[in-house]
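Residues in the sequence shown are numbered consecutively from 92, following the numbering used here. By construction, the Cβ of each residue, glycine as well, lies at the ideal position given by its N, Cα and C atoms. Here's the structure we're looking at; comments come further down.
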Amino acid sequence: MYRHLRSLGALIALGGTAHAGGFTQPEGAHYAKVWGRVMIGHDGHLANGDGAELYIGVRSDDIGGVAYRDLSLNVYAEYGLFDGTTLIVSGVPYGHARVNRAPTSYVGPLGLGARQRLLVAGPLHLAIEGRYAWYPGVGSDVLAFGWSDAGDWTYQPTLEGHRGDAEVQAGLGLPFGLWATASAGGRVTSTAGVDPAILASGQLGWSSPVGVVIDAHLVAYEPLGRVESPANVAGTGQTRYLGYGFGASWWFSPSWAVTIGADSALYADANAAALPVIIGFEHRATR
Numbered sequence: 092m093y094r095h096l097r098s099l100g101a102l103i104a105l106g107g108t109a110h111a112g113g114f115t116q117p118e119g120a121h122y123a124k125v126w127g128r129v130m131i132g133h134d135g136h137l138a139n140g141d142g143a144e145l146y147i148g149v150r151s152d153d154i155g156g157v158a159y160r161d162l163s164l165n166v167y168a169e170y171g172l173f174d175g176t177t178l179i180v181s182g183v184p185y186g187h188a189r190v191n192r193a194p195t196s197y198v199g200p201l202g203l204g205a206r207q208r209l210l211v212a213g214p215l216h217l218a219i220e221g222r223y224a225w226y227p228g229v230g231s232d233v234l235a236f237g238w239s240d241a242g243d244w245t246y247q248p249t250l251e252g253h254r255g256d257a258e259v260q261a262g263l264g265l266p267f268g269l270w271a272t273a274s275a276g277g278r279v280t281s282t283a284g285v286d287p288a289i290l291a292s293g294q295l296g297w298s299s300p301v302g303v304v305i306d307a308h309l310v311a312y313e314p315l316g317r318v319e320s321p322a323n324v325a326g327t328g329q330t331r332y333l334g335y336g337f338g339a340s341w342w343f344s345p346s347w348a349v350t351i352g353a354d355s356a357l358y359a360d361a362n363a364a365a366l367p368v369i370i371g372f373e374h375r376a377t378r
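Right under this line is the structure:
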């Protein structure tokens with residue numbers, strides 16, 4: 092499969108509403124999204140970016156291939172604290188990963204942040220955003236390890252530590268229901284072996300008159316250090332990628348929507364070669 096599909100197991104969450112970047116919530120308004128992510132696969136992208144079939148244990152064991160499954164519950168919410176200031180809450184309160192017969196439950200990053208409007212010039216919105224996340228370390232043990240023809244690997248579904256992100260964001264409203272966003276920034280982390288990284292993303296979307304919203308997005312994660320073997324193919328450690336994906340939501344009422352999406356990658360180091368699929372619900376309300 093990896094020879095034909097370069098898929099990505101752990102994208103940087105774009106968060107919430109598809110066109111969040113640069114746009115703030117009106118005072119007293121809120122937006123929330125709850126979704127499940129399903130990732131099932133056999134292969135991984137190793138430290139040099141090569142995709143390969145994974146094998147359990149050391150090379151001399153000849154135990155056989157790998158099947159992994161990773162399910163997670165994700166939450167994201169925005170609240171308009173003041174005009175131009177939006178609070179953000181995000182997290183992975185529960186996940187369950189299995190590699191062959193080895194299972195574990197885990198808790199992913201739990202985050203808090205804020206977006207501050209800088210400028211509105213016609214359809215152009217500029218903002219800055221800062222985020223903090225805590226990895227509590229629940230389920231952070233290495234679940235499995237092994238080898239492949241492209242190098243050694245581990246599977247660690249979450250980490251333990253803290254991280255901070257800062258971004259400059261732009262949002263642009265376009266005619267005919269089109270919109271675009273872009274962001275650029277950086278990340279620092281307290282987790283050993285995970286270097287500071289450059290973050291960047293861009294989206295193009297369309298909101299239809301019948302409540303259907305679709306988007307296409309690009310996400311880049313570029314660490315300032317090398318990605319070395321063994322590669323954590325869960326994608327939660329030192330990784331590098333240029334990912335792309337698509338999402339669609341149907342607002343079947345003014346306040347509620349169902350949403351689906353999937354992501355892949357143009358290149359990836361130390362990440363899963365499995366197509367993560369999401370399905371969830373969205374809610375929005377004004378004061």
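When secondary structure is reduced to three states using DSSP, F343 falls in the coil class, being assigned neither helix nor strand.
With respect to the C-alpha of I369, the residue from G338, A188, A307 having the closest C-alpha is G338. The C-beta distance from D286 to G237 rounds to 24 Å, too long to fall under 8 Å, and the pair is not in contact. Look at G268 here: in three-state DSSP terms it is helix. Contact between Q207 and G171 is absent: CB atoms are separated by about 12 Å, not below the 8 Å threshold.
Straight through space, the alpha carbons of G293 and L309 are spaced by roughly 5 Å.
The Cβ neighbour count for L357, taken over all protein chains shown within 10 Å, is under 16; the residue is labelled exposed. Per DSSP, P227 is one residue of the beta strand (DSSP E) stretching across 215-227. Collapsing the DSSP output to three states places E169 in a strand.
Below 8 Å, enough C-beta pairs join the stretch 238-249 and the stretch 321-328 to call them touching: three or more. Assigned with DSSP and collapsed to three states, V279 falls in strand. Taking 8 Å as the upper bound for CB-CB distance, G230 and S196 are in contact here, some 6 Å apart.
When beta bridges are read from the DSSP output, G338 appears opposite D306, G352.
The Cβ-Cβ distance between H121 and A168 falls below 8 Å. A235: member of the beta strand (DSSP E) spanning 235-239, first to last residue. R331 carries a strand assignment under DSSP once its states are collapsed to helix, strand and coil. Within the same chain, L203, G255 come within 6 Å of Y223 by CB-CB distance, once the 5 residues on both sides are set aside.
Contact check for S355 and G242: beta-carbon distance about 22 Å, past the 8 Å limit, so the pair fails to qualify. Under the three-state reduction of DSSP, H121 is assigned to strand. When rounded, the separation of the alpha-carbon atoms in G268 and S299 is 6 Å. In the structure shown, the three-state DSSP call for R192 is coil. In this structure, the straight-line span from the alpha carbon of S340 to that of N362 is close to 27 Å. When DSSP states are grouped into helix, strand and coil, L263 belongs to the strand group.
Scanning its chain for C-beta atoms nearer than 6 Å, with the 5 sequence neighbours on each side dropped, one finds around A307 the residues L295, F337, in chain order.
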